[in-house]
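Participant: At position 123 of the sequence shown the residue is numbered 124 (the numbering used here), and the sequence of numbers has no breaks. All C-beta atoms, glycine included, are put in the ideal place defined by N, C-alpha and C. Mind having a look at this structure? Questions to follow.
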Amino acid sequence: MAIKLEDKKAIVAEVNEAAKAALSAVVADARGVTVGAMTGLRKEAREAGVYVKVVRNTLARRAVEGTDFAVLNDAFKGPTLIAFSNEHPGAAARIFKEFAKGQDKFEIKAAAFEGKLIAANQIDMLATLPTYDEAISQLMSVMQGATSKLARTLAAIRDQKEGAAA
C-alpha cells in the first residue's frame, strides 16, 4: 500500500520526536503475532510510558537520524516494531522480553541506550535496570543497614565501657 509523501513526512516527524524524548529504544520483529496479542502489548506499553510503532525501515532510518538511536540502522531489516522508553530506560526492554516469552514468533532484534547498540542476546542488561522506585528502595535498604550496624556498634562500645568502669 502506497503512502503519500505528506504522510511519510508526518510519520518521520512523529517518530523523530519520540526518539528525541526517549531514554532507550528496542527494535523487534512482530511478524506472525496475532492482532489481539499486539493490542495487549501496546496497552501494556502505554501504561509503562513506552511509545510503540510499526514503521517502514526507510522511514525509521530517517526518523532516528541525528539521535542517539542512529546505531539501530542495521536492525531496520524486515518488519520493524520500534519502542521508545520515555520514563524508565529499561521499560521497553522489560515489556518486550516478557512478551517474547509467550510469543515464539516475536523476535527482539536490538536495543540502544545512551548511543550504544545492545545486541538482542544482551537485552537483559537493559531489562534488569531497576526503576526509580526500586533504586531508591535499594539505596534506603543499604543506608538503613549501615546506620543500624553503626548504632549497634556504638551501643556495644558504650556497654563495654560501662562494664569496665563498674
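1) From what residue to what residue does the alpha helix (DSSP H) around residue 8 run?
2) Assess contact between the stretch 60 to 68 and the stretch 117 to 129, defined as three or more Cβ pairs (one per stretch) separated by less than 8 Å. Is contact present?
3) Give me, in chain order, the residues of the same chain whose beta-carbon lies closer than 6 Å to that of residue 32; leave out the 5 immediate sequence neighbours on both sides.
4) Curious, which full-length alpha helix (DSSP H) runs of at least 4 residues does the stretch 97 to 154 contain?
5) Rounded to whole angstroms, what is the Cα-Cα separation between residue 148 and residue 158?
6) So, does the CB of residue 14 fall closer than 8 Å to a CB anywhere in chain D?
7) How many Å lie between residue 91 and residue 58 at the Cα?
8) Could you tell me the alpha carbon to alpha carbon distance between residue 123 and residue 101, rounded to whole angstroms?
9) Roughly how many angstroms separate the alpha carbons of residue 82 and residue 143, rounded to a whole number?
10) For the stretch 28 to 47 and the stretch 2 to 11, state whether three or more C-beta atom pairs, one from each stretch, are separated by less than 8 Å.
Facilitator: Judging by the given coordinates:
1) Here residue 8 refers to the residue found at position 7 when the sequence shown is read from its first residue. 6 to 22 is the extent of the alpha helix (DSSP H) around residue 8.
2) no
3) Stepping through the sequence shown from its first residue, residue 32 is reached at position 31. If we look at residue 32 and ignore the five residues flanking it on each side, its Cβ neighbours are 80.
4) 124 to 128
5) Counting from 1 along the sequence shown, the entry for residue 148 is found at position 147. Counting from 1 along the sequence shown, the entry for residue 158 is found at position 157. Taking the straight line from one Cα to the other gives about 15 Å.
6) Any reference to chain D falls outside this structure, which holds one protein chain only.
7) Taking the first residue of the sequence shown as 1, we reach residue 91 at position 90. Taking the first residue of the sequence shown as 1, we reach residue 58 at position 57. Whole-angstrom Cα-Cα distance: 23 Å.
8) Your numbering for residue 123 matches position 122 in the sequence shown. Your numbering for residue 101 matches position 100 in the sequence shown. Taking the straight line joining both Cα atoms gives about 14 Å.
9) Within the sequence shown, numbered from 1, the residue matching residue 82 stands at position 81. Within the sequence shown, numbered from 1, the residue matching residue 143 stands at position 142. If I take the Cα positions, the gap works out to 39 Å.
10) no
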